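Take the sequence shown: its position 22, counted from the start at 1, is 35 in the working numbering, and no numbers get skipped.
Positions of the beta carbon are idealized from the N, C-alpha and C atoms, including for glycine.
None of these values were measured; they are calculated from a predicted model.
Heads up: the structure comes next, in C-alpha cells.
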Amino acid sequence: IPITLKCSQCGHIFSPPKGEHFFAPCPSCGEEFGHGMETGRELYVQHIEAE
C-alpha cells in the first residue's frame, strides 16, 4: 500500500517522492517536518494457517 502523508501545517495529503520517506516537503505549503502518515502502515496477508 503506497505511503501518503498529511501535512501538519496545511492538511494537504500527498505521496512523497520515491525513496524520500524521511524528508518530504509538502508540495502545497513547503512545510518540511511533522507530517502524519495517512496510509502505508497496512499490509497484505497472502497466506495464513490455523488449527
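Under DSSP, the beta strand (DSSP E) around residue i begins and ends at which residues?
i: Leu18; result: 17-19
i: Glu45; result: No beta strand (DSSP E) contains Glu45, which DSSP labels as neither H nor E.
Quick test of your reading: residue i and residue j, contact by CB under 8 Å. State the CB separation rounded to the nearest angstrom.
i: Gly53; j: Ile14; result: 6 Å
i: Thr17; j: Glu51; result: 4 Å
Closer than 7 Å by C-beta to residue i: which residues in its own chain qualify, once you throw out the five before and the five after it? Chain order, please.
i: Ser21; result: Glu44, Gly47, His48, Gly49
i: Ser28; result: Pro15, Ile16, Thr17
Grab me the residues of residue i's own chain with a C-beta within less than 8 Å of its C-beta, minus the 5 sequence neighbours each way, in chain order.
i: Pro30; result: Ala37
How about residue i: is its C-beta nearer than 7 Å to some C-beta of chain D?
i: Phe27; result: Chain labels in this structure do not include chain D; a single protein chain is all it has.
Name, in chain order, the residues that DSSP records as bridge partners for residue i.
i: Ile26; result: Lys19
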